[in-house]
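**Q** Each number in the numbering used here corresponds to the 1-based position in the sequence shown with 78 added.
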Amino acid sequence: MSPLHGLRLNCLLAPLSVALVAILAILLAWRWQSEQTGEHERAARSAAIAGLARLVEQGVAIDAASWLSAHRGWSGVARFRYDSEALVPLATAGVVPVGTEPSPALLLAFQGAQAWRDPDGAAVAVPCMPASGPPSIMVGWYAAAPSPALTPWLLLAGAVLVMGGGLGLYLVARVYRPVMWMEQAALAAATGQAEPPGGDTSAETASLRSSIALLIERRKPDDSHA
């Protein structure tokens, strides 16, 4: 078997491997961007609900429906207190998707700010500790912003893959084929056979062909000593 048997495969795999690593990096970049977008939105939403809770703590009378209509992007807002192992609504407006068994995140909100996503959308909740009255939580629901468009990233990944495949074919044409021909030519010269047809030499292999031709010439028997 020729020692160059795997050269063509390597010419294809080398650039494609680099392309696949680049594609993985592109997809990771998209995911990171998606997570950053969601994190920034959660922070902004939590700050808005926390501001509402601070007003309640200061004794400012807040109408939930008026607040909801004045703040676009929210689907519902509510204030709950915990009593007898159940959440008791103190004020609600809009869509408030709280069932008979509240989610753990709602209960944990009495201890600290929470943010979560469920089939009903996304929500944030913060504790509310008024000077008078029992502790409560302020909760807001909203439709989470969609993830950044994936299409541009997929187009970029596709372009990288095409470039990797093109580079692989280039290496096959410019390296593998000339080198294989030179191997066959060297074997033919060593056995006294005719030079094989073809023999296209690329700029990348021109010096190698010259070296092989010189080596073959030096190894030819001297006719004067025949």
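In this text, a Cβ means the ideal position worked out from N, Cα and C, and glycines have one as well.
Treat the numbers as computed from the prediction; the structure is a model and nothing was measured.
Measuring straight from C-alpha to C-alpha, what distance separates Gly137 and Pro167?
**A** Whole-angstrom Cα-Cα distance: 18 Å.
**Q** Determine which residues share a DSSP beta bridge with Leu165 and list them.
**A** Leu165 is bridged to Tyr160.
**Q** Hey, would you say Val155 sits closer than 8 Å to Leu146, going by beta carbons?
**A** The answer is yes: Cβ separation under 8 Å.
**Q** Measuring straight from C-alpha to C-alpha, what distance separates Arg129 and Trp219?
**A** Checking the sequence shown, residue 129 turns out to be Gly, not Arg. Roughly 15 Å separates the two Cα atoms.
**Q** Whose C-beta lies closer than 6 Å to the C-beta of Ala191 among residues of the same chain, with five residues either side of it excluded?
**A** Cβ neighbours of Ala191 beyond the five flanking positions: Ser124, Val204.
**Q** Looking only at its chain, what residues have a beta carbon closer than 8 Å to the beta carbon of Ile127, apart from the 5 residues adjacent to it on each side?
**A** Around Ile127: Val155, Val202, Ala203, Val204, Met216, Val217, Gly218.
**Q** Using C-beta distances below 6 Å, list every residue in its chain close to Asp301, excluding the 5 sequence neighbours before and after it, in chain order.
**A** Confidence at Asp301 is low in this model, with a pLDDT of 46, below 50, so its placement is unreliable and no value can be given for it.
**Q** For Ser289, count neighbouring Cβ atoms within 10 angstroms of its own Cβ and tell me buried if that reaches 16, exposed if not.
**A** Per the 10 Å Cβ criterion, exposed.
**Q** Between the Cα of Pro197 and the Cα atoms of Pro208, Ala139, Val176, Pro213, which residue gives the shortest distance?
**A** Nearest option by C-alpha distance: Val176.
**Q** Mind checking who Thr170 pairs with in its DSSP beta bridge?
**A** Paired residues: Ala156.
**Q** Quick one: what's got a C-beta closer than 6 Å to Ala304's C-beta in the same chain, skipping five residues either side?
**A** Low confidence applies here, because Ala304 scores a pLDDT of 44, under 50, leaving its location unreliable and the question unanswered by this model.
**Q** Could you tell me the alpha carbon to alpha carbon distance between Ala171 and Ile140, rounded to whole angstroms?
**A** In a straight line, the C-alpha of Ala171 is about 12 Å away from that of Ile140.
**Q** If you draw a straight line from the C-alpha of Met207 to the C-alpha of Pro213, how long is it?
**A** Each residue's alpha carbon lies about 5 Å from the other.
**Q** May I ask you to verify whether the region 158-166 touches the region 219-230, counting CB pairs closer than 8 Å and requiring at least 3?
**A** Result no; under three Cβ-Cβ pairs closer than 8 Å.
**Q** For a test of the three-state rule: what should DSSP assign to Gln192, helix, strand or coil?
**A** Strand.
**Q** Any heavy atom of the ligand NAP inside 7 Å of the beta-carbon of Arg150?
**A** This structure lacks the ligand NAP; in fact it carries no ligand of any kind.
**Q** Using a Cβ-Cβ cut-off of 8 Å (strictly less than) and excluding sequence neighbours within five positions of Ile104, which residues of its own chain qualify?
**A** Hits under 8 Å: Trp231, Leu234, Ala235, Val238.
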